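So the protein lines, in turn, are chains Z and U.
Numbering-wise, the first sequence is residues 0 to 123 according to numbering that gives the first Met the number 0.
Numbering-wise, the second sequence is residues 0 to 496 according to numbering that gives the first Met the number 0.
We put the beta carbon where it would ideally sit given N, CA and C, even for glycine.
Predicted model only: the values in this text are computed from it and were never measured.
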Amino acid sequence: MGANLFSNYGEMVAIILFVIGFGNLLLQSNLIKKIIGLNIMDTAIYLFLAEKGYIEGRIAPIIVDGIQDMETYINPIPSGLVLTGIVVSVSVSALMLSITVRLYQRYQTLDLDEINIRLLKEGL
Amino acid sequence: MDFVQNFPAVSILMCLFAGIISSGMKKRSARYISMGLIVAVTVLSLCTLLYILKTGQAFVYVMGKFPAPWGNEIRAGVLEAFMAFFFCVIMFLSLEGGRKKLADEVEEGKTFLYYVLSDLLLSSLLALVYTNDLFTAYVFVEINTIAACGLIMIRQNGRTIKASARYMIMSLLGSGLFLMGLCMLYDLTGHLLMSNIKEQAALIYASGEYRIPLLIVIALMSVGLAIKSALFPFHAWLPDAYGYSTVSSAAILSSLVSKGYIFLLIKIIYRVIGFDIFNSSKIINVLFIFGLMGMIFGSLSAIRENDVRRMISFSSVAQIGYIYMGIGMGTQAGIGASVFHILSHAATKSLLFIAAIGLTDVSGGSRKFIELTGAAYRNKWAGAAFTVGSLSMVGVPMFSGFISKLLFAQAAVQNNVKMLPALIVLGISTVLNAIYFMKTVIRIYTPVDDGKYDSIRFKDMKSYTVILICFILLNVILGVSSQPVVDLIDQGLAMFS
Chain Z
0 MGANLFSNYG EMVAIILFVI GFGNLLLQSN LIKKIIGLNI MDTAIYLFLA EKGYIEGRIA
60 PIIVDGIQDM ETYINPIPSG LVLTGIVVSV SVSALMLSIT VRLYQRYQTL DLDEINIRLL
120 KEGL
Chain U
0 MDFVQNFPAV SILMCLFAGI ISSGMKKRSA RYISMGLIVA VTVLSLCTLL YILKTGQAFV
60 YVMGKFPAPW GNEIRAGVLE AFMAFFFCVI MFLSLEGGRK KLADEVEEGK TFLYYVLSDL
120 LLSSLLALVY TNDLFTAYVF VEINTIAACG LIMIRQNGRT IKASARYMIM SLLGSGLFLM
180 GLCMLYDLTG HLLMSNIKEQ AALIYASGEY RIPLLIVIAL MSVGLAIKSA LFPFHAWLPD
240 AYGYSTVSSA AILSSLVSKG YIFLLIKIIY RVIGFDIFNS SKIINVLFIF GLMGMIFGSL
300 SAIRENDVRR MISFSSVAQI GYIYMGIGMG TQAGIGASVF HILSHAATKS LLFIAAIGLT
360 DVSGGSRKFI ELTGAAYRNK WAGAAFTVGS LSMVGVPMFS GFISKLLFAQ AAVQNNVKML
420 PALIVLGIST VLNAIYFMKT VIRIYTPVDD GKYDSIRFKD MKSYTVILIC FILLNVILGV
480 SSQPVVDLID QGLAMFS
């Protein structure tokens, strides 16, 4: 168990980062901190994928010197997944930021609890 | 390859293109494009369904030139085609029923954006229903979330912006968990296509290795999708999002968006993890328990509510609980009942939202119960529709809700351990449902004669009334002739594995 953890330290770091990001997104009341948590969480997943997709001593699957042996190259799919994932997380971050701007313009605060209180006062 | 096999892919692409085209259109043409699109997709799905019923087997459509283990695929079986068809029908009725309200509540120059968003939402729903590739499913889950967030936010006031922020946060938590589970599953099995993952997962499970990682994958995926579909402890965003957004959005969100995620979960159970492996994990007990809690606490919150729209929203929490209870029973019958409840809840909840707006409009726009007194006399069709929806939710025979409760009870009897809690909670929840829905029905049929508000005649809002009648018919059809639908669901579930 302990030896496995040590030899897979990259994945371990990724999972720890994932938990940190998840906790921030869930528990912070400040919207900007929430978005930072979201980005940490998504990046941790990409770290996990990259760590899983890389095999020590192998190279990217671009054939230049005619070697077609499978053992020479890494699997390119995890890298492709990371790229797709980055596109998705950029767009959701942008949407979250735009919602944050709207809320800030309306209530002059970034704190979700504070916004709740003002909403109750507004009595809408 | 038959020509019909192109239809699922074509309908997804058509929705995406319609979204792009109508973003450059004026308001009215965007609406015509959107409505025409939905009708076209309905027809295409119906053709696909009839084709599959005729050939008797599901088909796989290869997207692009790469064959099975590498390329991307679409798979259509009975259940997929039927769901696509049903989702389109509900979408059409919800959009059309809330059209007048949309014009009131959304800024003049922005209504065309609503139809752009609804096109994108439909495309992502169809992709979730049809896709055979897990990563594609993830991408469309995110598209679905973004479109749904836009649908909440398009009516601009403090409540809806805050509701959409909370909706986004919860959804992103859910999709983060789902993506993590997906990556782990890819690392375990080396595939992204559902059928290939299933073969490998069965081998891994049989060899006895990697039991714990597989369990974690199941947990991450089910919890992720449960958060996104607002299962009980994660429902905090729901009442604001459904209660204050414009009425079409509320109807679409409650009856389609959350159902899309649940359908994806059912697909994952059958086509990715494998029914037996999923059931031998303890996760289904967790889903079962939270489903039961949702059924009770959702109804209790609904009873406390003093606002008719929020009451209907809380009732959604309870109904999502029913669906997860069915999944958690771990039998084929339980899942069949859940799928039927997806249909019946979709038909009923959108009816209730659309009818409620008719009632509040004749009560000076107020949603408080006290103002709704006698509203059914002022708007007769909305009153009748609301009554039908309430009876169906409570589970009175002749309406669709009765059949789903019957199926749940039948499924519960087959499972010795879970029978007692399931039946008891089903009973309690029915009583609680009856309390708050009948309270509302009695309230709207209590006569008042102060003549404070104007009454509405049939002529004044013809299209709205026609939509209500369609909804009522849909409900009654699902309730009276349920056997063909149940057979279709069983056939579809058999085709899954």
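Counting the other Cβ atoms within 10 Å of the Cβ of Ala-93 of chain Z gives fewer than 16, which makes it exposed.
For a cut-off of 8 Å, the C-beta gap from Thr-359 of chain U to Ser-365 of chain U is around 7 Å, short enough to register as a contact. C-alpha of Leu-96 of chain Z to C-alpha of Leu-133 of chain U: approximately 28 Å in a straight line.
Around the C-beta of Thr-159 of chain U, 16 or more other C-beta atoms lie within 10 Å, and the residue is accordingly described as buried. Around Ala-164 of chain U, the beta-carbon contacts reaching into chain Z at under 8 Å are Leu-30, Met-95, Ile-98, Thr-99, Leu-102 and Leu-111.
Sequence-ordered contacts of the stretch 68-100 of chain U with chain Z read Trp-69 [C-beta pairs closer than 9 Å]. Secondary structure of Phe-398 of chain U (DSSP, three-state): coil. Among the CB atoms of chain U, one or more fall inside 8 Å of the CB of Gly-84 of chain Z. From the listed residues U:Val-140, U:His-344 and U:Ala-200, the smallest Cα separation to Phe-177 of chain U is found for U:Val-140. Here DSSP, grouped into helix, strand and coil, assigns Ile-58 of chain Z to strand. For the stretch 117-140 of chain U, residues whose beta-carbon sits nearer than 7 Å to a beta-carbon of chain Z comprise Phe-134 and Val-138. Flagged as an interface residue toward chain Z: Ile-160 of chain U, by a C-beta distance shorter than 8 Å. Closer than 8 Å to the CB of Met-220 of chain U there is not a single CB belonging to chain Z. Gln-318 of chain U sits buried, since 16 or more C-beta atoms from the chains shown fall within 10 Å of its C-beta. Put simply, of U:Ile-272, U:Leu-36 and U:Ala-201 the residue whose alpha carbon is nearest the alpha carbon of Leu-181 of chain U is U:Ile-272. Take Ser-21 of chain U, set aside five residues on each side of it, and the residues of its chain with a beta-carbon closer than 6 Å to its own are Ala-29, Ile-32, Tyr-114 and Val-115, in chain order. Taking 8 Å as the cut-off between beta carbons, the residues of the stretch 5-36 of chain Z near chain U are Phe-17, Gly-20, Phe-21, Leu-24, Leu-25, Leu-30 and Lys-33, in sequence order. Contacts with chain U (Cβ-Cβ distance below 9 Å) from the stretch 53-78 of chain Z involve Asn-74, Ile-76 and Pro-77, listed in chain order. Here Phe-339 of chain U has Ile-402, Ser-403, Leu-406, Ser-481, Val-484, Val-485 and Ile-488 as same chain residues with Cβ atoms under 8 Å from its own Cβ, once five neighbours each way along the sequence are excluded.
Of all residues in the stretch 171-194 of chain U, those with a C-beta nearer than 7 Å to a C-beta of chain Z are Leu-171, Leu-172, Gly-175, Leu-178, Met-179, Cys-182 and Asp-186, reading in chain order. Across the structure, Ala-49 of chain Z and Ala-136 of chain U are spaced so that their CA atoms are roughly 21 Å apart. Residues of the stretch 463-478 of chain U with a C-beta less than 7 Å from any C-beta of chain Z: none at all. Selection U:Gly-23, U:Lys-26, U:Met-34 and U:Val-40 evaluated against Asn-5 of chain U yields U:Val-40 as nearest (Cα-Cα).
The beta carbons of Gly-175 of chain U and Met-40 of chain Z sit closer together than 8 Å. DSSP, reduced to helix, strand and coil, places Arg-74 of chain U within a strand of the structure shown. If you check the CB distance, Ile-334 of chain U and Gly-320 of chain U do not come in under 8 Å. In this structure, DSSP gives Val-89 of chain Z a helical state, which the three-state scheme calls helix.
Per DSSP, the continuous beta strand (DSSP E) segment holding Tyr-60 of chain U begins and ends at 58-62.
Annotated as distal: Ile-353 of chain U and Ser-117 of chain U, with beta-carbon spacing of 8 Å or more. By the CB criterion at 8 Å, Ile-44 of chain Z and Gly-84 of chain Z fall inside the cutoff. Nearest CB-CB separation between Val-89 of chain Z and chain U: not below the 8 Å threshold.
Checking the DSSP bridge columns, you'll see Asp-306 of chain U partnered with U:Lys-367. When the five nearest sequence neighbours on each side are left out, the beta carbons in the same chain lying within less than 6 Å of the beta carbon of Leu-78 of chain U are those of Gly-491, in order along the chain. Taking 8 Å as the cut-off, the beta carbon of Phe-91 of chain U is found no closer than this to the beta carbon of Leu-342 of chain U.
By the Cβ-count criterion, Tyr-8 of chain Z is exposed, with fewer than 16 other Cβ atoms from all chains shown falling within 10 Å of its own Cβ.
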